[in-house]
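Down below is the structure, laid out as structure tokens.
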Amino acid sequence: MHFAPPDPDILSRRDAIIAALKIIVPDGVVEATTDLSAYESDALASYRQRPLVAVLPRSGDQVAQIIRYAADAGVPIVPRGAGTSLSGGALPRADGILVGMGRMSRILEIDYDNRCVTLEPGVTNAAITRAVEAEGFYYAPDPSSQIACTIGGNIAENSGGLHCLKYGLTTNNLLGVKFVLPDGQMISLGGKAPGAGGLDLLGLITGSEGLLGMVVEATVRIIRKAPVTRTMLASFDTVPDAGACVAAIIGDGIVPAAMEFMDRATIGAVEAYNAPGYPADAEAILIIDADGVEADVADAIARIKIHVQACNGQLREATDTLARARMWAGRKAAFSAMGRLAPDMICMDGTIPRHALPRVLESIAALSARYGLGCCNVFHAGDGNLHPLIIFDAMKEGELATAEAFGADILRLCVEVGGVLTGEHGVGIEKRDLMPTMFSEAELDQQHRIKCAFDSGGLFNPGKVFPTLSACVEQGHVHVHGAKLPHPHLPRF
463 MHFAPPDPDI LSRRDAIIAA LKIIVPDGVV EATTDLSAYE SDALASYRQR PLVAVLPRSG
523 DQVAQIIRYA ADAGVPIVPR GAGTSLSGGA LPRADGILVG MGRMSRILEI DYDNRCVTLE
583 PGVTNAAITR AVEAEGFYYA PDPSSQIACT IGGNIAENSG GLHCLKYGLT TNNLLGVKFV
643 LPDGQMISLG GKAPGAGGLD LLGLITGSEG LLGMVVEATV RIIRKAPVTR TMLASFDTVP
703 DAGACVAAII GDGIVPAAME FMDRATIGAV EAYNAPGYPA DAEAILIIDA DGVEADVADA
763 IARIKIHVQA CNGQLREATD TLARARMWAG RKAAFSAMGR LAPDMICMDG TIPRHALPRV
823 LESIAALSAR YGLGCCNVFH AGDGNLHPLI IFDAMKEGEL ATAEAFGADI LRLCVEVGGV
883 LTGEHGVGIE KRDLMPTMFS EAELDQQHRI KCAFDSGGLF NPGKVFPTLS ACVEQGHVHV
943 HGAKLPHPHL PRF
């Protein structure tokens with residue numbers, strides 16, 4: 463990935479920019495080179511760039527003031543949550559202000575009557591459930607990084623997780639936000655009450671990857687824990703049999719709370735890492751949760767068993783809560799376990815129709831052999847959201863470029879079979895240049911017009927998502943607020 467040179471005009475004004483930010487956030491400006499190194503990448507660590515400056519606000523008002531200043535000064539803004547993005551969405555700019563939201567971490571209200579929680583964007587995903595579980599509630603979206611990732615980042619990427627098959631992604635569990643536009647205006651979208659008609663602006667900003675503004679407060683849905691949850695592990699002698707079983711279960715109208723896939727390479731790595739007790743001779747396993755009332759769960763398990771047997775698999779059920787936790791501990795440790803196999807990893811993220819699983823998994827194996835790199839498959843099988851883990855050694859000449867080419871071919875394959883480039887990690891810089899694989903020029907142009915309607919200055923997270931980005935004045939758009947025209951020297955990645 464090549465970066466355009468930073469804007470020399472902005473670099474020459476660095477001291478003035480830092481001084482202005484210190485007036486807004488006196489105790490939260492990071493300027494020393496060594497300190498800024500902590501912010502130079504997100505979890506797509508192959509790409510690094512130190513920000514011009516980082517600022518850590520404590521309130522929505524401070525965020526609005528920072529954004530107003532940046533708009534007036536013509537300085538790019540890059541929002542950052544916990545930095546767990548796997549697509550480079552929070553990669554900073556050498557001539558931009560990185561706005562870290564980690565200090566805005568208060569839960570503002572828990573409303574059990576309306577089954578919702580209002581909180582600041584720096585609250586971690588797992589902290590929401592911890593705050594309400596004593597009353598029998600939880601927050602459903604559960605990314606693997608949930609102990610670290612924040613709700614602001616989850617909204618930006620429309621994150622899912624292990625249980626998104628039945629309970630939905632972030633967008634299905636988000637009720638409202640307070641949102642700062644790129645000119646510093648703060649608006650409210652949605653809320654506790656059912657939404658009114660008209661444009662679904664809340665849906666539009668969910669998954670917008672920091673291109674349209676910044677969330678400074680969110681209201682999310684909490685749900686009651688199901689009275690019964692049972693966990694099963696199905697093992698198979700071939701990967702295509704496991705893929706066929708997934709399609710058969712969903713095709714029968716069964717909607718498990720979760721259904722996760724792991725192949726032999728992943729199983730071996732996980733067993734060596736935290737020994738969850740997976741069958742060592744299986745080529746693939748499925749971990750399946752069924753929840754609800756006892757009669758419905760028993761019926762679902764009986765039908766799942768039939769499909770597993772028809773696909774030449776073996777099924778065993780966790781006998782108690784400890785056994786359930788052990789089964790899931792292996793899946794949740796899959797990414798960490800890859801460190802036993804190679805020094806570096808790229809986690810891909812594409813989504814395919816379920817019926818295409820056997821074909822796609824066979825094709826990924828063929829690509830792995832062709833590129834000479836290992837690839838471990840672990841993913842949300844129920845909704846077809848693949849997460850192939852390409853393992854390599856960046857210290858070996860050419861292996862990073864080979865891994866990137868391998869990953870790009872996986873994503874092209876996803877689109878070829880009728881799928882999409884991303885399920886929950888977003889586009890960022892990782893998939894930016896592949897966007898024309900999925901979208902026509904007219905479709906990309908329409909998306910860019912939406913970007914311009916919010917951010918006519920082109921200052922919010924520039925260089926992400928769009929493979930090319932013309933100035934908004936070329937679009938002939940009518941913008942929705944009073945932002946300035948694009949800065950004449952704004953560089954593009």
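In our numbering, the protein residues as written are 463 to 955. The beta carbon of each residue, even a glycine, is placed where N, CA and C say it ideally should be. These figures come from a predicted structure and were not determined experimentally.
Relative to A588, the option among R577, N616, D573 and Y574 whose CA is nearest is N616.
Each of G646, M810 and A720 was checked against the Cα of C626, and the nearest Cα belongs to A720.
Taking a 10 Å sphere around the C-beta of D573, we find fewer than 16 other C-beta atoms and assign the residue as exposed. Straight-line measurement puts the Cα of Y629 at about 25 Å from the Cα of S650. Of A500, T884 and I763, the smallest CA-CA separation from A552 is found for A500.
Taking C-beta atoms under 8 Å as the contact rule, G775 and C707 qualify, at a distance of about 6 Å.
The straight-line gap separating the alpha-carbon atoms of L883 and T546 is approximately 19 Å. Around the CB of G562, 16 or more other CB atoms lie within 10 Å, so the residue is classed as buried. In this structure I528 does not touch F922 by the C-beta definition: roughly 12 Å separates them, more than the 8 Å allowed. In the DSSP assignment, V561 falls within the beta strand (DSSP E) that extends over I559 to G562.
Shown here for F901: same chain residues with a beta carbon closer than 8 Å to its own, the five before and five after excluded, namely Q909 in chain order. The alpha helix (DSSP H) runs lying completely inside the segment 760-830 and spanning 4 residues or more are 783-794 and 796-799, given in chain order. With at least 16 other beta carbons inside 10 angstroms of its own, N635 counts as buried. For G834, the number of other beta carbons within 10 angstroms of its own is below 16, and it is reported as exposed. Counting other Cβ atoms within 10 Å of its Cβ, S503 reaches 16 or more and is therefore classed as buried. Ranked by Cα distance from L873, the options D751, D497, A709 and G812 are led by G812. Assignment of beta-bridge partners to E722 by DSSP yields I749 and H842. When beta bridges are read from the DSSP output, D573 appears opposite C578.
Cα atoms of V822 and L875: separation of roughly 7 Å, rounded to the nearest angstrom. In terms of Cα proximity to F723, the closest of G846, L896 and Q771 is G846.
Within the DSSP secondary-structure output, P541 pairs in a beta bridge with V561.
Taking 8 Å as the cut-off, the Cβ atoms of R788 and P738 count as close.
If the five residues before and after K893 are omitted, its C-beta is found closer than 7 Å to the C-beta atoms of S549, L873, L883 and T884, all from its own chain and listed in chain order. In this structure, the CA atom of A804 is about 32 Å from the CA atom of A709. The C-beta of V585 has 16 or more other C-beta atoms within 10 Å across all chains shown, which makes the residue buried.
Within the segment 465-533, the runs of alpha helix (DSSP H) that reach at least 4 residues and sit entirely inside it are, in chain order, 470-474, 476-486 and 495-498.
The segment 912-919 and the segment 669-678 touch, with three or more beta-carbon pairs separated by less than 8 Å.
Of L506, I479, A772 and I569, the smallest CA-CA separation from G536 is found for I479.
Under the 10 Å beta carbon count, T930 is surrounded by fewer than 16 other beta carbons and is classified as exposed. DSSP places T864 in the uninterrupted alpha helix (DSSP H) bounded by E861 to E878. R568 has no beta-bridge partner at all, per DSSP. By the Cβ rule, the segment 752-768 does not count as touching the segment 724-737, because fewer than three pairs are nearer than 8 Å.
With a threshold of 16 other beta carbon atoms within 10 Å, I766 meets it and is buried.
Unbroken alpha helix (DSSP H) runs of no fewer than 4 residues, entirely contained in the segment 592-623, are found at 613-619, following chain order. Put simply, of C578, L777 and V639 the residue whose alpha carbon is nearest the alpha carbon of I684 is C578. Restricting attention to P702, Q647 and W790, the CA atom closest to the CA of A533 is found in Q647.
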